[in-house]
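Okay, so here's the structure we're looking at.
Numbering (UniProt numbering), first residue to last: 1 to 75.
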């Protein structure tokens, strides 16, 4: 994220707690324990950016319903 707004920066800081909980639950806290806040924020930003980019890309395409009429080849 380039030129984060104050809200975006706050959201990333707030996400550190859930990130730490997930690392602990998965037994992965040890390698991350001594990382800087900037390193952790970088990981969170990468995940959030990837998620948002994917959601925007998906929103640009019509979602399939899974029905027979949804298939472009009708047979």
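C-beta: ideal position from N, C-alpha, C; glycine also.
One alpha carbon belongs to residue 43, the other to residue 23, and they sit about 12 Å apart. Non-local beta-carbon contacts of residue 32 in its own chain, meaning distances under 6 Å to residues more than five positions away in sequence, involve 23 in chain order. For residue 19, the enclosing alpha helix (DSSP H) covers residues 6-25.
Following the DSSP letters along the chain, one finds residue 45 inside the alpha helix (DSSP H) bounded by residues 37-59. Taking a C-beta distance under 8 Å as the contact criterion, residue 52 and residue 19 do not qualify as a contact pair.
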